[in-house]
Amino acid sequence: MTELAYTEPKPKVIAGAKRDWELVIGMEVHAQIASNSKLFSGASTHFGAEPNSNVSLVDAAMPGMLPVVNEFCVEQAVRTGLGLKAQINLMSRFDRKNYFYPDLPQGYQISQLYHPIVGEGEILVDMEPGIARKVRVERIHIEQDAGKSVHDMDPEMSFVDLNRTGIALMEIVSRPDIRGPEEAAEYVRKLRQILRYLGTCDGNMQEGSLRADVNVSVCEPGAYERFRETGDFSHLGTRCEIKNMNSMRFIQQAIDYEARRQIAIIEDGSTVDQETRLYDPNKGETRSMRSKEEAHDYRYFPCPDLLPLTIEQAWVDEIKAGLPELPDEKKARFVTSYGMTEYDAGVLTAEVASANYFEQVAKGRDGKVAANWVINELFGRLNKEGVSVKDSPISADQLGGIIDLIAKGDISGKIAKDLFEIVWTEGGDPAEIVDARGMKQVTDMGAIEAAVDAVIAANPDKVAAVQEKPSMAGWFVGQVMKETGGKANPKAVNEMIQKKLGIV
Amino acid sequence: MSIDKDTARRVAHLARIEVAEEALEPLAASLSKILDFMEELNEVDIDGVEPMTSVTPMELKRRVDEVTDGNIQDKILANAPDAREGFFAVPKVVE
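Line order of the protein sequences matches chains A and B. Residue 7 is where the first sequence starts when you use our numbering, and the numbers rise one by one after that. Residue 320 is where the second sequence starts when you use our numbering, and the numbers rise one by one after that.
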């Protein structure tokens, strides 16, 4: 695999009243595993169903019900681990995390505290071309999602829906390697991209398929480097955990607010309390979640209902062999084999569907031209209309057909844009449209010469002027193009005019 | 290891078990006894011994990823003290 060279971004520095401060951020991302049924029951995971309809007696924690693990969820977690270049643990175990909440009927969440299925991995967080940071992943474990409480349907009551209860989650835990709010958002963006490439999580943040808990602390410049050298957390400040963020924008805002809040406390001579906080996007501030404090005593113990999860190396190898090309590799390949910029490669590889579309267009054609058309014309138009590349009204083959017509000299770049418009709205084969509507570029030199002669004859004053100022030749080209309805080959017109006016 | 009255109260609360004030002291004593017994077991040298997770050589059973259950809203809600519009209705809990 080819890797692009990059340098690390500078950590974000916030100027306090007394000194400069740096941020240290760690993330715990909860990603719903893409599967048909739940982690330990055969109920559906489909989003948006009638309340309490995707619930089995296992999910409702009826007495005597026993969990049976969904093999595909395990496979998805392994696939994710491999995608993050992580160590896969052939033996992992399930533990119970005990707490009471109305949307957790079991009274405990089945999770993996002591022996997670995935160990150390890494995520390359791209900030801009040439600048990226390798963020270490500490672990990934499998656990159950909780149900959902609705608080606004009744003034006295909360309404509980258990449809989400027991859906498989991956908790992906990073090391505190993230150094600013933008990096944190980019970390989530990159992780989401990798999960979507792998097909292990749909990454739909609005529907809550991907949520992040963000650990934020501040320290004096230099302290973080001492932490990295020694592994000693005492070099870092006290952290606060901001729970349940499901928007990149809010993640950035919450971190920025939280860091400034902590700086103000420390500079005031006080100390930061380690606690769980919630971000309120309406007020733009974080606030303490006191109720969670006592619940921190989770009294974990191995789940007696489940034997250790042992998987075979051969199975892991098989999953590894089936991994798709991942974003970093794809981007590097686009840069090296199509000669495009890292920025363009980043745009084209953001989604698998975009990358596949581009490669279909580029097949047997000039990669840079194809990239230009896909990014500027197609993506520009798709964005404007709010359409995804999968639903593009112009297929890759149609767009390729337009590019072929330019390459052959049948149409000019300008006419090609009109043609793009026609294919977008009406569909059809680009070559046939060009024939049927007489859009073909005039390459008949006789016709071009006639048009050039006509323009020259009609404008003797300009002909005189162009002798003084040869750059005025462009005006003649414009006039001839107008004469021919934009269909003349501009290169041929230009050459003809220069020859006729004797300004070569 | 001994459990005092406050720890007993706290553990009972975390488990949502109601224990009368006068029952806490005896409860703490019997919990301590259980832990003392565990400590005796800790004296056994188990270095190099794999944890036994099952008395018979069994492996964790796995299922294939198919929807085989659900769509029993009425059964799920049958025991609920209060249910409205397909939801469990509980006293308000807000963060």
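Glycine residues also receive a C-beta, built at the ideal position from the N, C-alpha and C atoms.
Problem - Complete beta strand (DSSP E) runs within the stretch 300-345 of chain A (minimum length 3 residues, chain order) - result: none
Exercise for the section: Determine which residues of the stretch 313-332 of chain A have a Cβ less than 7 Å from any Cβ of chain B, and write them out in chain order. Expected result: 313, 314, 315 and 316
Handout entry: Residues that residue 49 of chain A contacts on chain B, provided the C-beta gap is smaller than 8 Å
Key = Within the first sequence, the letter at position 43 stands for residue 49 of chain A. Within chain B, the residues near residue 49 of chain A are 386, 388 and 389.
Problem - residue 240 of chain A, buried or exposed, once every other Cβ within 10 Å from all chains shown has been counted against 16 - result: The residue given as residue 240 of chain A occupies position 234 in the first sequence. Exposed.
Handout entry: Beta-carbon proximity list for residue 226 of chain A, same chain, < 6 Å, skipping 5 on both sides
Key = Taking the first residue of the first sequence as position 1, residue 226 of chain A is located at position 220. If we look at residue 226 of chain A and ignore the five residues flanking it on each side, it has no Cβ neighbours.
Practice task
Assign residue 321 of chain B to one of three DSSP states: helix, strand, or coil.
Solution key: To locate residue 321 of chain B, count along the second sequence from 1; it is residue 2. Three-state result, residue 321 of chain B: coil.
Handout entry: Where the stretch 56-74 of chain A meets chain B: residues whose CB sits under 9 Å from a CB there
Key = 56, 57, 58, 59, 60, 61, 62, 63, 64, 65, 66, 68 and 74
Handout entry: Residues sharing a beta bridge with residue 19 of chain A, DSSP
Key = Within the first sequence, the letter at position 13 stands for residue 19 of chain A. In DSSP, residue 19 of chain A forms a bridge with A:28.
Handout entry: CB contact below 8 Å: residue 156 of chain A versus chain B
Key = Start at 1 with the first residue of the first sequence, and residue 156 of chain A comes out as number 150. Closer than 8 Å to some Cβ of chain B, the Cβ of residue 156 of chain A qualifies, so yes.
Exercise for the section: May I ask you to report which of helix, strand or coil DSSP gives residue 7 of chain A? Expected result: Taking the first residue of the first sequence as 1, we reach residue 7 of chain A at position 1. Any reading at residue 7 of chain A needs caution, since the residue's pLDDT is 48, under 50, leaving its predicted position unreliable; the model's value is listed next. Of the three classes helix, strand and coil, the one that applies to residue 7 of chain A here is coil, per DSSP.
Handout entry: Where the beta strand (DSSP E) containing residue 166 of chain A begins and where it ends
Key = Taking the first residue of the first sequence as 1, we reach residue 166 of chain A at position 160. Looking at the DSSP string, the run of the beta strand (DSSP E) that includes residue 166 of chain A is 163-167.
Problem - With 16 other Cβ atoms within 10 Å as the buried cut-off, status of residue 50 of chain A - result: Along the first sequence, read from residue 1 onward, the residue named residue 50 of chain A stands at position 44. Counting Cβ neighbours within 10 Å, residue 50 of chain A comes out buried, since at least 16 surround it.
Exercise for the section: Taking all protein chains shown into account, decide if residue 174 of chain A is buried (16 or more other Cβ within 10 angstroms of its Cβ) or exposed. Expected result: Here residue 174 of chain A is taken as the residue at index 168 of the first sequence, counted from 1. Label assigned to residue 174 of chain A: buried.
Practice task
Tell me whether residue 519 of chain A sits in a helix, a strand or coil according to DSSP, three-state version.
Solution key: For residue 519 of chain A there is no data in the structure shown, the boundaries of chain A being 7 and 510.
Practice task
Using three-state DSSP, classify residue 107 of chain A as helix, strand or coil.
Solution key: Taking the first residue of the first sequence as 1, we reach residue 107 of chain A at position 101. In this structure, residue 107 of chain A counts as coil in the three-state DSSP scheme.
Handout entry: Inter-stretch contact (C-beta, 8 Å, three-pair minimum) for the stretch 41-59 of chain A and the stretch 267-274 of chain A
Key = no
Handout entry: Ordered list of beta strand (DSSP E) runs contained in the stretch 227-256 of chain A, each at least 3 residues
Key = 246-251
Exercise for the section: Check whether the stretch 150-161 of chain A touches the stretch 110-129 of chain A, counting contact only when three or more Cβ pairs, one atom from each stretch, lie closer than 8 Å. Expected result: yes
Problem - the stretch 350-361 of chain B / the stretch 31-43 of chain A touching (three or more Cβ pairs under 8 Å) - result: no
Problem - CA nearest to the CA of residue 377 of chain A, picked from A:351, A:395 and A:128 - result: Residue numbering aside, residue 377 of chain A sits at position 371 when the first sequence is read from its first letter. Residue 377 of chain A has its Cα closest to that of A:351, out of A:351, A:395 and A:128.
Exercise for the section: Closer than 9 Å by beta-carbon distance: list the chain B residues that pair up with residue 108 of chain A, in chain order. Expected result: Taking the first sequence and counting its residues from 1, one reaches residue 108 of chain A at position 102. Neighbours of residue 108 of chain A on chain B, chain order: 407, 409, 410 and 412.
Problem - Min CB distance residue 34 of chain A to chain B below 8 Å - result: Indexing the first sequence from 1 puts residue 34 of chain A at position 28. No, residue 34 of chain A lies away from the interface with chain B (no Cβ there is under 8 Å from its Cβ).
Handout entry: Buried versus exposed call for residue 356 of chain B [16 or more other C-beta atoms within 10 Å across all chains shown]
Key = Numbered from its first residue, the second sequence carries residue 356 of chain B at position 37. Label assigned to residue 356 of chain B: exposed.
Practice task
Starting from residue 305 of chain A, find everything on chain B with Cβ-Cβ shorter than 9 Å and list it in chain order.
Solution key: The residue you call residue 305 of chain A lines up with position 299 of the first sequence. Residues of chain B passing the Cβ test: 330, 333 and 334.
Handout entry: Chain-ordered chain B contacts of residue 78 of chain A [CB-CB under 8 Å]
Key = The residue given as residue 78 of chain A occupies position 72 in the first sequence. Within 8 Å Cβ-Cβ: 383 and 384.
Exercise for the section: Less than 8 Å between the CB atoms is what I'm expecting for residue 67 of chain A and residue 112 of chain A, so what's the real figure, rounded? Expected result: As a working mapping, residue 67 of chain A is identified with position 61 in the first sequence. As a working mapping, residue 112 of chain A is identified with position 106 in the first sequence. Their Cβ separation, rounded to whole angstroms, is 4 Å, which keeps residue 67 of chain A and residue 112 of chain A in contact under 8 Å.
Handout entry: CB contact flag (residue 340 of chain A, residue 354 of chain A, <8 Å)
Key = To locate residue 340 of chain A, count along the first sequence from 1; it is residue 334. To locate residue 354 of chain A, count along the first sequence from 1; it is residue 348. In this structure, residue 354 of chain A lies closer than 8 Å to residue 340 of chain A by Cβ.
Handout entry: Outcome for residue 80 of chain A when other beta-carbon atoms lying within 10 angstroms are tallied against a minimum of 16
Key = The residue labelled residue 80 of chain A in the question sits at position 74 within the first sequence. Residue 80 of chain A is buried by the Cβ-count criterion.
Problem - Cβ neighbour criterion (16 or more within 10 Å) applied to residue 346 of chain A - result: Locating residue 346 of chain A in the first sequence gives position 340, counting from the first residue. Residue 346 of chain A comes out buried.
Problem - Contact under 8 Å by Cβ, residue 445 of chain A with residue 425 of chain A - result: For the purposes of this step, residue 445 of chain A is taken as the residue at position 439 of the first sequence. For the purposes of this step, residue 425 of chain A is taken as the residue at position 419 of the first sequence. Closer than 8 Å, so yes.
Problem - For residue 203 of chain A, three-class secondary structure by DSSP - result: Within the first sequence, residue 203 of chain A is the residue found at index 197, counting from 1. Three-state result, residue 203 of chain A: helix.
Exercise for the section: Would you list the one or two residues that DSSP bridges to residue 221 of chain A? Expected result: In the first sequence, residue 221 of chain A corresponds to position 215, counting from 1. Answer is A:32 and A:247.
Problem - Proximity winner among A:171, A:28 and A:421, relative to residue 261 of chain A (alpha-carbon distances) - result: Counting from 1 along the first sequence, the entry for residue 261 of chain A is found at position 255. Answer by Cα proximity: A:28.
Handout entry: Whole-angstrom C-beta distance between residue 73 of chain A and residue 106 of chain A, which should lie under 8 Å
Key = To locate residue 106 of chain A, count along the first sequence from 1; it is residue 100. To locate residue 73 of chain A, count along the first sequence from 1; it is residue 67. Going by Cβ atoms, the distance from residue 106 of chain A to residue 73 of chain A rounds to 19 Å, so no, they are not a contact pair.
Exercise for the section: Report yes or no: do three or more beta-carbon pairs, one from the stretch 151-169 of chain A and one from the stretch 128-135 of chain A, lie closer than 8 Å? Expected result: no
Exercise for the section: Determine the chain E residues that contact residue 346 of chain B at a beta-carbon separation under 9 Å, and present them in chain order. Expected result: Here the protein chains are A and B, and chain E is not one of them.
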